[in-house]
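Down below is the structure, laid out as structure tokens.
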């Protein structure tokens, strides 16, 4: 059996000759491609062939040093050797061309008008096309063999990343600490990107980052004291958009790669048991971790998907802080679109700035287009026009893979030659025009439905499952607002069809390891366009989405859903939650969306009051599904179901919850001034909840208006109990100076102490 060196040398020699000959032909025909469409086409095809030769050459070179590749390379050698005769023939042709080559501008003009010259004869070009096609066919076989091996290596890389994730879930990091730290799971994004490493679309940066992560794990696995941590920012998951989520994820991943990493997390937990650790504490722990590694690789993907208007500044500041430590051996890779604020903040040097769009990008896109044309059954009917489709899409894409993917969706819907001609001859100029066309082509009867779906997916607090999305759309907000499944529900496939090119359905695992279908915006650029000022100047402006109105709509949907009578009638159990899939989301996030809504929402506020006054039904259902008063609700694993049968007697009062959330208008409604003083005072001072009473809850949250209403309704300013002991202590701990003064003015005892707390800041000062 031939040895590995002989095999790779033989392949390398043929590929080198192929690259040399093809490059010469490209150089020759490039000088004339503007003078004739046939010459332009042959130049494009030669460029594509050159790209395949180079890709194969790199792939073979990479395999040369890998174990267990001899059989693989022998198969590749067979495929490449089938091209040897044609490559030699092309070499001979190239030599003829160089002899006949026109060397002056005058000669080139003559060539353009006279096809008698040998390199430009129709027969020559046809033979050249045949040779290119034959070589591509054989080289494609070789590439597919190597890609199959690459897929195996990708899976190995996923397993290495999975191993890191499993280590973070192992006993060496205590379960309670992991729940408390609440680090977003970056492995979900990584696995999704790895699944797209075989030609796919719309994820150029993320595929680059996932490949870098795998390469880093592979290259560093035999080195000691090396840390690797990664984070994927995501436009459709709020937990993966800010500096806090990024730092918590990096800490958890690095902690399991240090012998005593758990001890640092335990110390952090001891300091901030009652809540999430502040950013400065996360920085301190991260710096200690980085100091203990010889080398640390931090990989951050899609930084531009962190919202610029509210969260990105914190992320950029965090990266600056890490860089300012100047810790030897810390390496940071950030992928992002070329956004001005990101560039100005990171200020990369010339050798640190690696543009994804370069001379190779068009060739990558051409290869991607070629792959799709060869392998998509719906595109086989246009086989005679594949070259034309490839050329036009490659030129129009301008280096954007997502653009190509959108055009393929349009081409797949074409039914005849006339439609294909129109599609190819009127390609949109860019992604904005692409999305404008998609939106304007939506049937008028579906416009409001599509807009509702896009609003939900762009602004929901967390990604929605398909069943959640379907039920959210089924809520009719026209008066009287109600859940109308019979009239408004869609099937899964129909939902995708009316939003074609704008959303996608992906399979993921829930917290119990079960596969579920989740819906999301197809690409970050879709959401960016829908929220941009640009759409307001275009025909698709009716689809423009703004944050405050969108949050108002989602809050409205959640409240109507929570007050659906059938949800609260009868036993609340897992079967009922299966019947009402949006219930847990609505209970958990209605307040978040309300808090980010527009002002002056009389209708929404009326619904909130209605929720709080329906104590035995809707209110009790909300608290059972998501008790916002449970200080550790946020740190509990999602798979741990809430107490669905919790008795009403064990719940704090609606007054308490309204105070906790600062809902002063609810307090005004359920604590009317004209009621008997003793009756109102009894409601206000009822003991219960983590903070003991409504006044302490409102004081801790800094809700001045709520505190004022409670004091005016007879709240006991010195009532003892609860987490802080009394309202003054709670306000002081929270740094709410105006509330401290309000309480002192009403007779609060600034010397009162609780066993659980230290003296208030008023006393200490």
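In the numbering used here, the protein residues as written are 340 to 1104.
Glycine included, C-beta positions come from ideal geometry on N, C-alpha and C.
Distance between residue 864 and residue 680 (C-alpha atoms, nearest Å): Sequence index remark: in the chain shown, residue 680 carries index 341 (1-based). Sequence index remark: in the chain shown, residue 864 carries index 525 (1-based). Roughly 18 angstroms between the two C-alpha positions.
Of the listed residues 818, 363, 765, nearest to residue 946 (C-alpha basis): Along the chain shown, one-based indexing puts residue 946 at 607. Minimum Cα distance to residue 946 is reached at 818.
4-residue-minimum alpha helix (DSSP H) runs that sit fully inside the region 576-636, ordered along the chain: 582-594, 600-610, 618-631
Residue 1040: first and last residue of the uninterrupted alpha helix (DSSP H) it sits in: The residue labelled residue 1040 in the question sits at position 701 within the chain shown. Per DSSP, residue 1040 belongs to the alpha helix (DSSP H) from 1033-1040.
Extent of the continuous beta strand (DSSP E) to which residue 811 belongs: One-based indexing of the chain shown puts residue 811 at position 472. Segment 805-812 is the alpha helix (DSSP H) holding residue 811; no beta strand (DSSP E) there.
For residue 846 and residue 989, the rounded distance between their alpha carbons: Taking the chain shown and counting its residues from 1, one reaches residue 989 at position 650. Taking the chain shown and counting its residues from 1, one reaches residue 846 at position 507. Rounded to whole angstroms, residue 989 to residue 846 spans 39 angstroms at the Cα level.
Residue(s) in a DSSP beta bridge with residue 859: Translated into positions along the chain shown, residue 859 becomes position 520. According to DSSP, which records beta bridges pairwise, residue 859 is partnered with 843.
Whether residue 773 touches residue 884 by CB criterion (8 angstroms): Indexing the chain shown from 1 puts residue 773 at position 434. Indexing the chain shown from 1 puts residue 884 at position 545. No; because the gap between Cβ atoms is not below 8 angstroms, this pair is not in contact.
Three-state secondary structure assigned by DSSP to residue 854: One-based indexing of the chain shown puts residue 854 at position 515. It is a strand residue.
Separation of residue 844 from residue 804, as counted between CA atoms: As a working mapping, residue 804 is identified with position 465 in the chain shown. As a working mapping, residue 844 is identified with position 505 in the chain shown. Whole-angstrom Cα-Cα distance: 9 angstroms.
Own chain partners of residue 1078 with C-beta closer than 7 angstroms, once the 5 adjacent residues on each side are dropped: Residue mapping note: residue 1078 aligns to position 739 of the chain shown, counting from 1. The residues are 1038, 1041, 1043, 1046, 1070.
Cβ shell of residue 393 (< 8 angstroms), same chain only, five flanking positions each side left out: To locate residue 393, count along the chain shown from 1; it is residue 54. Same-chain partners within the cutoff: 358.
Under 8 angstroms between C-beta atoms of residue 753 and residue 745: In the chain shown, residue 753 corresponds to position 414, counting from 1. In the chain shown, residue 745 corresponds to position 406, counting from 1. The answer is no: Cβ separation not under 8 angstroms.
Which residues DSSP lists as bridging residue 822, in chain order: Taking the chain shown and counting its residues from 1, one reaches residue 822 at position 483. Beta-bridge pairing links residue 822 to 814.
Given residue 1049 as reference, the closest of 759, 381, 1033, 965 once Cα atoms are compared: Numbered from its first residue, the chain shown carries residue 1049 at position 710. Of 759, 381, 1033, 965, the residue nearest in Cα terms is 1033.
Inter-stretch contact at 8 angstroms, needing at least 3 Cβ pairs: the region 699-706 / the region 729-748: yes
8 angstroms Cβ cutoff met for residue 994 and residue 899: Here the question's residue 994 lines up with position 655 in the chain shown. Here the question's residue 899 lines up with position 560 in the chain shown. No, they are not a contact pair.
C-alpha distance - residue 877 paired with residue 861, whole-angstrom precision: Translated into the one-based positions of the chain shown, residue 877 becomes position 538. Translated into the one-based positions of the chain shown, residue 861 becomes position 522. One C-alpha to the other measures close to 21 angstroms.
As assigned by DSSP and simplified to three states, the class of residue 1023: For the purposes of this step, residue 1023 is taken as residue 684 along the chain shown, with counting starting at 1. Residue 1023 falls in the helix class under three-state DSSP.
Boundaries (first-last residue) of the beta strand (DSSP E) holding residue 1009: In the chain shown, counting from the first residue as 1, residue 1009 sits at position 670. Premise fails: residue 1009 lies in the alpha helix (DSSP H), 1003-1009, not in any beta strand (DSSP E).
Other residues of its chain near residue 944: CB distance less than 6 angstroms, five sequence neighbours each side excluded: Stepping through the chain shown from its first residue, residue 944 is reached at position 605. Only 1004 meet the Cβ criterion.
For residue 809, the nearest candidate out of 820, 1062, 789 (CA to CA): On the chain shown, position 470 is the one that residue 809 refers to. Of 820, 1062, 789, the residue nearest in Cα terms is 789.
Beta-carbon contacts of residue 785 that lie in its chain and below 8 angstroms, excluding the five residues immediately before and after: What you label residue 785 is simply residue 446 of the chain shown in a count that begins at 1. Counting only Cβ-Cβ distances below 8 angstroms, and skipping sequence neighbours, we find 837.
Between the CA atoms of residue 592 and residue 642 - distance to the nearest angstrom: Walking along the chain shown from the start, residue 642 turns up at place 303. Walking along the chain shown from the start, residue 592 turns up at place 253. Going from the Cα of residue 642 to the Cα of residue 592 covers about 19 angstroms.
Limits of the alpha helix (DSSP H) - the one that residue 705 falls within: Sequence index remark: in the chain shown, residue 705 carries index 366 (1-based). Residue 705 -> alpha helix (DSSP H) spans 700-714.
Residue 564 - DSSP class collapsed to helix/strand/coil: Position 225 of the chain shown, counted from the start, is the residue given in the question as residue 564. In the structure shown, residue 564 sits in coil (DSSP, three-state: anything other than H, G, I, E or B).
Same chain only: Cβ atoms within 6 angstroms of residue 636, ignoring 5 sequence neighbours per side: Residue mapping note: residue 636 aligns to position 297 of the chain shown, counting from 1. 555, 567, 670, listed in sequence order.
Beta bridge counterpart(s) of residue 571 as assigned by DSSP: Your numbering for residue 571 matches position 232 in the chain shown. Answer by DSSP bridge pairing, in chain order: 640.
Nearest neighbour of residue 378, chosen from 468, 431, 658, 352 [CA to CA]: Along the chain shown, one-based indexing puts residue 378 at 39. Comparing Cα-Cα distances from residue 378 to each of 468, 431, 658, 352, the minimum goes to 468.
Span of the beta strand (DSSP E) around residue 670: The count along the chain shown starts at 1 and reaches residue 670 at position 331. Its beta strand (DSSP E) spans residues 669-673.
Residue 612 to residue 519 span [Cα, whole Å]: Counted from its first residue, the chain shown places residue 612 at position 273. Counted from its first residue, the chain shown places residue 519 at position 180. The alpha-carbon atoms of residue 612 and residue 519 are separated by roughly 8 angstroms.
Residue interval of the alpha helix (DSSP H) (run including residue 1050): Your numbering for residue 1050 matches position 711 in the chain shown. Run containing residue 1050: 1043-1051, per the alpha helix (DSSP H) assignment.
Residue 1074 in three-state terms, based on DSSP: Numbered from its first residue, the chain shown carries residue 1074 at position 735. Looking at residue 1074 - three-state DSSP - the assignment turns out to be coil, as it is neither helix nor strand.
Contact belief for residue 882 with residue 874 at Cβ below 8 angstroms, rounded distance in angstroms: Indexing the chain shown from 1 puts residue 882 at position 543. Indexing the chain shown from 1 puts residue 874 at position 535. The Cβ separation is near 7 angstroms, so the contact holds.
Three-state secondary structure (DSSP) of residue 1060: On the chain shown, residue 1060 is found 721 positions in, with the first residue counted as 1. Of the three classes helix, strand and coil, the one that applies to residue 1060 here is strand, per DSSP.
Whole-angstrom distance between residue 708 and residue 540, CA atom to CA atom: Here residue 540 refers to the residue found at position 201 when the chain shown is read from its first residue. Here residue 708 refers to the residue found at position 369 when the chain shown is read from its first residue. The predicted position of residue 540 is uncertain, since its pLDDT is 36 and thus under 50; a value taken from the coordinates is nonetheless stated next. Between residue 540 and residue 708, the C-alpha separation is close to 10 angstroms.
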